[in-house]
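The next block holds one structure in the form of structure tokens; read it before the comments.
Residue numbers (my numbering): 204 to 803.
Below, the structure is given as structure tokens:
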């Protein structure tokens, strides 16, 4: 027994006396080709700190950071050694040739700051062999494709020079000669300076073969967009980025059975398209006063619900704009009505369909007109102008003119009616406006005791005042507790997560697997954001793991969280999990939330 106690004491002393020198190591390729994509990474052997990447001047940052975490503990001959590793990976693309220096990265742990070495990278033209082909791509990390070879992605535009407001068809297309087992993530450009409409694109379930410069590729359209530029000048569209899982064979081919007994593994590949530039021209000449803002081809039609009404009755006046172009931003026509007709803001109805050839459909403006005087009125024709890009000119449309008659109502004394003039025969005798006062006295009685003279009044007053003070105190305490939004989110994190897990359970019962995994991810990330007081925009796996470890959550639960997240993210884009596995994921997620709720 004494030996056992002494052994535990020495073990705790060795654990408390264990120290580790923090190092920040950079990995990168020394030579890359112009236009090539590559990865750089930093590895630090400590956790709980803050990593700061340098500015990548001279390069285009495609993606990052992608973080990974590993930890191991060894006890050899009574001596314990522990190793913790965090890796931060960034994917870059070269812009022009030359020699570049990426400044050191920084890692701050408590009050100490550690820096890495600078990265000296030479970008050359043409094809060269990299001096260090393994640098920048550590084992287990994903590799970046330069947009050529066995798999690449392309962002194509149907035109490179348009007028402002004219549509552009953008198509994201995948080309591959490798076997793809799934798509992890797609990052589309932000399309700044454009009004974007997504086109309905069938899911990419199969690929069709195409001959590309003598090489047969399997191709498929990932997504199509309609882009309407909103500013003039030269606009650059950022590349499309995609992370895919590619099947690669492990080992050599058997000379007798061939690939029959071969094994395969899924390797993550990062591919990116090239940036696109377009030129947007301003509309020529002077815009008409009645310009609608539409660039395309339009037609206009007007109608009224009736041409004869009583005074103060309503008439529906409809103007329908139809055709193709950016009809969604079409302005309402300007009406020039007589002052005796009251008009209200129009109701707008849209029936617009987006197709690869552009947007087409109609937009209806329905006005409510109310004549306030009797007589005959004219609704003037309305002019409506648009820009036709096919001939480069403004074109004007005109509606027909309408005539309406407003007649006097049957009951002239009901409602509020405004007339241009009042004749004598329109005035009716309403009766006397001064009535006689009642002269006979009423029945009088003596009043009883006043309520102020009763003891119950003062007791009720004291009770009401005391109740008011209690309600005021409780209300102020409630406001004080709810003023700290972080504490409110922390208290309600568990309840919100339970509601999201219930939604996931419903999706599981209805066999909606994609939505099930999406709800599980929402429940986990939302719970961690609320419980750890980390904004969703700053919530990453690195920050989450660090905070959980700091708050005393053991590494087994953290590893279980990473396993759940990886399984859900993979299943969303490559659904292959059975219902039993989905139920296991649901139970693990519920168990993790309950354990964190009890420990924090």
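For each residue, glycine too, the CB sits at the ideal point set by N, CA and C.
Keep in mind it's a predicted model, so treat the numbers as computed, not measured.
Residue i to residue j span [Cα, whole Å]
i	j	result
residue 752	residue 289	14 Å
residue 578	residue 524	31 Å
residue 806	residue 709	A question about residue 806 goes unanswered here, because the residues of the chain that appear run from 204 up to 803.
residue 412	residue 234	35 Å
residue 588	residue 603	15 Å
residue 668	residue 660	12 Å
residue 469	residue 423	21 Å
residue 391	residue 375	9 Å
residue 475	residue 495	39 Å
residue 606	residue 582	6 Å
residue 357	residue 241	18 Å
residue 675	residue 750	39 Å
residue 517	residue 573	5 Å
residue 526	residue 491	20 Å
residue 447	residue 389	9 Å
residue 693	residue 732	9 Å
residue 758	residue 550	59 Å
residue 633	residue 508	Because residue 633 carries a pLDDT of 49, less than 50, the predicted location of this residue cannot be relied on, and the following value inherits that uncertainty. Distance between the alpha carbons of residue 633 and residue 508: 38 Å.
residue 541	residue 563	34 Å
residue 801	residue 754	12 Å
residue 869	residue 741	The first residue shown for the chain is 204 and the last is 803, placing residue 869 beyond what the model contains.
residue 489	residue 531	23 Å
residue 601	residue 585	6 Å
residue 378	residue 480	22 Å
residue 713	residue 719	9 Å
residue 439	residue 325	26 Å
residue 679	residue 672	11 Å
residue 408	residue 784	23 Å
residue 387	residue 471	8 Å
residue 696	residue 702	10 Å
residue 729	residue 415	45 Å
residue 576	residue 502	33 Å
Residue i - partner residues in DSSP beta bridges
i	result
residue 359	374
residue 412	421
residue 401	428
residue 737	Note: residue 737 sits in no beta bridge, so no partner.
residue 189	In this structure the chain extends from 204 to 803, so residue 189 is not present and cannot be described.
residue 532	According to DSSP, residue 532 bridges with nothing at all.
residue 262	297
residue 753	Per DSSP, none; premise fails for residue 753.
residue 276	285
residue 608	511 and 579
residue 586	601
residue 253	311
residue 591	596
residue 471	448
residue 271	290
residue 483	365 and 436
Inter-residue CB distance, residue i and residue j (contact presumed, cutoff 8 Å)
i	j	result
residue 396	residue 427	The pair is not a contact, with the Cβ atoms about 19 Å apart (cut-off 8 Å).
residue 553	residue 519	At roughly 18 Å, the Cβ-Cβ gap does not stay under 8 Å, so residue 553 and residue 519 are not in contact.
residue 380	residue 420	6 Å
residue 498	residue 590	5 Å
residue 789	residue 760	Between residue 760 and residue 789 the Cβ distance is about 17 Å, and since that is not below 8 Å, they are no contact.
residue 296	residue 263	4 Å
residue 793	residue 704	6 Å
residue 304	residue 244	About 17 Å; that fails the 8 Å criterion.
residue 609	residue 514	5 Å
residue 410	residue 444	Incorrect: roughly 20 Å between the Cβ atoms, too far for contact.
residue 354	residue 449	7 Å
residue 571	residue 597	That pair is no contact at about 30 Å.
residue 561	residue 528	7 Å
residue 429	residue 477	21 Å between Cβ atoms; not a contact.
residue 537	residue 493	6 Å
residue 230	residue 300	Not confirmed; about 22 Å, so no contact.
residue 294	residue 312	That pair is no contact at about 26 Å.
Proximity test, residue i beta-carbon vs the ligand HEM heavy atom, cut-off 8 Å
i	result
residue 246	Because no ligand of any kind appears in the structure shown, any question about the ligand HEM cannot be addressed here.
Point to revise | Continuous beta strand (DSSP E) assignments of at least 3 residues falling wholly in the stretch 291 to 331 | key: 301 to 305, 309 to 312, 315 to 318 and 322 to 327
Practice item. Tell me, please, whether the stretch 265 to 275 touches the stretch 315 to 329 by the rule of three or more beta-carbon pairs shorter than 8 Å. Key: No, the stretch 265 to 275 does not touch the stretch 315 to 329.
Practice item. Any chance you could list the alpha helix (DSSP H) runs of at least 4 consecutive residues sitting entirely within the stretch 663 to 727, in chain order? Key: The stretch 663 to 727 contains, as complete alpha helix (DSSP H) runs of 4+ residues, the segments 688 to 712 (chain order).
**Study point:** Contact between the stretch 358 to 378 and the stretch 479 to 489 (3+ Cβ pairs under 8 Å)
**Key:** yes
Exercise for review: Please confirm if the stretch 723 to 730 is in contact with the stretch 755 to 771, defined as three or more CB-CB distances below 8 Å between the two stretches.
Suggested key: yes
Practice item. Flag this pair as touching only if the stretch 397 to 408 and the stretch 547 to 564 have three or more C-beta atom pairs under 8 Å; answer yes or no. Key: yes
Exercise for review: Mind listing, in chain order, the continuous beta strand (DSSP E) runs of no fewer than 3 residues lying wholly within the stretch 219 to 243?
Suggested key: Listed in chain order, they are 227 to 230 and 234 to 236.
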